[in-house]
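S.K.: The following block contains the structure, expressed as structure tokens.
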Amino acid sequence: MDEAEIERLAGGPPRLALNDIVNHPRLAEARAVFVDRLLNLYSGDPYTVRLLIESGRFLVYLIASILDAGVDPARRETWLTIARLKKEMSLFGLASDRHIDTLIARLCSAGFMDRKPAEQDRRVRILKPTEKLKAHYRDWLAAHIAPLAVLYPEHDYGAVMNPDSPFHALHRQVSVSFLPFAASQLLSLQDSMLFFNHAAGAVIQAELIRTATLAPGYPDAAVPYADIGKRFGVSRTHVRQLLIAAEAAGLVRLHARGGPRVQILPQQWASYDRGVAVGMYVHDLVYVATERALQPSSERPSLAVA
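Heads up: the sequence shown begins at 1 in my numbering, then just goes up one per residue.
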């Protein structure tokens, strides 16, 4: 997507440049905040981890939350049907139709979604995220905005941090138009996708990053991983197979001496930080676009790239 299209989506020039975020001197501090917030969101809840933390599962709930905010009962094309959800999911190419059907059924049974006939046409089944899912989405968004507040304290991100702010509904509506761009950015992060495409992969990766960051030998420390699976509701075998794949990709090195240990290699540190930076860049774009959408056109500022 070229710069003109990004400006169109954001309602003006971006406030931040991706390269400036990648090269920010406090990026490691922002990464630590993001990792802590992400793990706090999922730690102690292995059921939610198994249900939501894997690329296809995560995107079903995320995209459903976003599309729900843009529903207009008078416009059939905006209804959150399973067919529309599948269409938007196809941008990411990460889940089959059958997989999506299964995930929707599980989300409904877990109280994250309802599925009922549309009032305007009872032949059509409409999906509706519950308050439980909306609350989780707000907490997830706050975890991704928190590192931006570390790097750019001069920008006010308070509206997203306040769970009761009406800003949230508009933010989700604005996010709809950013889905193709977000998909392209996510799929460009091949190292991150290696973890994200496995159940609990994102939190396993985050836990290893946090443990290695706190270890005396950081960034070259080899840290234990044997008990990580139990914490996130997946087997030790699942964790080991994931790390074997990561070792083959040059991201980690496994050590057996003294027990199963893993060393985060330079490629993984760099790619993880880039993933965090890309996430911040996209989230700031959507945040700024939402702020601009709240302002009358005559008052919208022309923001230069910082």
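All C-beta atoms in this analysis are idealised placements derived from N, C-alpha and C, irrespective of residue type, glycine included.
(1) When we look at the beta-carbon of residue 17 and count the other beta-carbons within 10 Å, is it buried (16 or more) or exposed?
(2) Just the C-alpha distance for residue 278 and residue 237, rounded to the nearest angstrom, thanks.
(3) Can residue 115 and residue 125 be called in contact, C-beta distance under 7 Å?
(4) If you follow the alpha helix (DSSP H) that residue 168 is part of, which residue opens it and which one closes it?
(5) Tell me the start and end of each unbroken alpha helix (DSSP H) in the segment 19-89 that is at least 4 residues and wholly inside, in chain order.
(6) Would you tell me roughly how many angstroms separate the C-alpha atoms of residue 121 and residue 107, rounded to the nearest one?
(7) Taking C-beta to C-beta, are residue 223 and residue 215 nearer than 7 Å?
(8) State the Cα-Cα distance for the pair residue 303 and residue 160, rounded to the nearest angstrom.
(9) Distance, Cα to Cα, residue 307 vs residue 86?
(10) Exposed or buried, which one is residue 96 when buried takes at least 16 other CB atoms within 10 Å?
(11) Report the rounded CA-to-CA distance for residue 14 versus residue 92, giving the unit in angstroms.
(12) Count the CB pairs spanning the segment 60-68 and the segment 169-180 that are closer than 8 Å, and state whether there are at least three.
(13) Have a look at residue 24 and residue 33 and give me their C-alpha separation to the nearest angstrom.
(14) Going by alpha carbons, who is nearest to residue 74 out of 59, 228 and 119?
(15) Within the continuous beta strand (DSSP E) that includes residue 254, where are the two ends?
(16) On the three-state DSSP scale, how would you describe residue 331?
(17) Tell me whether residue 301 sits in a helix, a strand or coil according to DSSP, three-state version.
(18) Which residues mark the beginning and the end of the beta strand (DSSP E) in which residue 127 is found?
(19) Alpha carbon to alpha carbon, how far is residue 305 from residue 7?
(20) Quick check on DSSP: helix, strand or coil for residue 340?
(21) Cα separation between residue 184 and residue 89?
(22) Where does residue 222 sit, in a helix, a strand or coil, going by DSSP?
(23) Counting C-beta neighbours from all protein chains within 10 Å, is the total for residue 287 16 or more, i.e. buried, or is it exposed?
(24) Hey, residue 111 and residue 81 are a contact pair by Cβ (cut 8 Å); roughly how many whole angstroms apart?
M.R.: On the basis of the data shown:
(1) Here residue 17 is taken as the residue at index 17 of the sequence shown, counted from 1. Counting every other CB atom within 10 Å of its CB across the protein chains shown gives residue 17 a total below 16, marking it as exposed.
(2) As a working mapping, residue 278 is identified with position 278 in the sequence shown. As a working mapping, residue 237 is identified with position 237 in the sequence shown. One C-alpha to the other measures close to 31 Å.
(3) Numbered from its first residue, the sequence shown carries residue 115 at position 115. Numbered from its first residue, the sequence shown carries residue 125 at position 125. For residue 115 and residue 125, yes; Cβs fall inside 7 Å.
(4) Reading the sequence shown from its first residue, position 168 is the one you call residue 168. For residue 168, the uninterrupted alpha helix (DSSP H) run begins and ends at 167-187, by DSSP.
(5) Counting whole runs of 4 or more residues, the segment 19-89 contains the alpha helix (DSSP H) stretches 27-42, 46-52, 55-69 and 82-89.
(6) Numbered from 1 along the sequence shown, position 121 holds the residue referred to as residue 121. Numbered from 1 along the sequence shown, position 107 holds the residue referred to as residue 107. Rounded to the nearest angstrom, the gap between the Cα atoms of residue 121 and residue 107 is 24 Å.
(7) Along the sequence shown, read from residue 1 onward, the residue named residue 223 stands at position 223. Along the sequence shown, read from residue 1 onward, the residue named residue 215 stands at position 215. Yes, the Cβ-Cβ distance between residue 223 and residue 215 is below 7 Å.
(8) Here residue 303 corresponds to residue number 303 of the sequence shown, with the count starting at 1. Here residue 160 corresponds to residue number 160 of the sequence shown, with the count starting at 1. Because residue 303 carries a pLDDT of 45, less than 50, the predicted location of this residue cannot be relied on, and the following value inherits that uncertainty. Each residue's Cα considered, the two are about 20 Å apart.
(9) Here the chain covers residues 1 to 306 and nothing more, so residue 307 does not appear.
(10) Working through the sequence shown from its first residue, we reach residue 96 at position 96. Exposure of residue 96 is indicated by the presence of fewer than 16 other C-beta atoms within 10 angstroms of its C-beta.
(11) By one-based count along the sequence shown, residue 14 stands at place 14. By one-based count along the sequence shown, residue 92 stands at place 92. Roughly 24 Å separates the two Cα atoms.
(12) Output reads yes: the segment 169-180 touches the segment 60-68.
(13) In the sequence shown, counting from the first residue as 1, residue 24 sits at position 24. In the sequence shown, counting from the first residue as 1, residue 33 sits at position 33. Between the C-alpha atoms of residue 24 and residue 33 there is a straight-line separation of about 15 Å.
(14) On the sequence shown, residue 74 is found 74 positions in, with the first residue counted as 1. Ranking the options by Cα distance to residue 74, first place goes to 119.
(15) Sequence index remark: in the sequence shown, residue 254 carries index 254 (1-based). Counting along the chain, the beta strand (DSSP E) containing residue 254 begins and ends at 252-255.
(16) Residue 331 lies beyond the range of the chain shown here (1 to 306); nothing can be said about it.
(17) For the purposes of this step, residue 301 is taken as the residue at position 301 of the sequence shown. Because residue 301 carries a pLDDT of 49, less than 50, the predicted location of this residue cannot be relied on, and no value is offered for it.
(18) As a working note, residue 127 is residue 127 in the sequence shown. Bounds of the beta strand (DSSP E) holding residue 127 are 125-129.
(19) On the sequence shown, residue 305 is found 305 positions in, with the first residue counted as 1. On the sequence shown, residue 7 is found 7 positions in, with the first residue counted as 1. Caution applies to residue 305, whose pLDDT of 43 falls short of 50 and renders its modelled position unreliable; the model cannot decide the point.
(20) Only positions 1 to 306 of the chain appear in this structure, which leaves residue 340 out of reach.
(21) By 1-based counting over the sequence shown, the position of residue 184 is 184. By 1-based counting over the sequence shown, the position of residue 89 is 89. One C-alpha to the other measures close to 12 Å.
(22) Taking the first residue of the sequence shown as position 1, residue 222 is located at position 222. Here DSSP, grouped into helix, strand and coil, assigns residue 222 to strand.
(23) As a working note, residue 287 is residue 287 in the sequence shown. Sixteen is the threshold: when 16 or more other Cβ atoms of the shown chains lie within 10 Å of the Cβ of residue 287, as they do, the residue is buried.
(24) As a working mapping, residue 111 is identified with position 111 in the sequence shown. As a working mapping, residue 81 is identified with position 81 in the sequence shown. The beta-carbon separation of residue 111 and residue 81, rounded to 20 Å, does not stay under the 8 Å limit for a contact.
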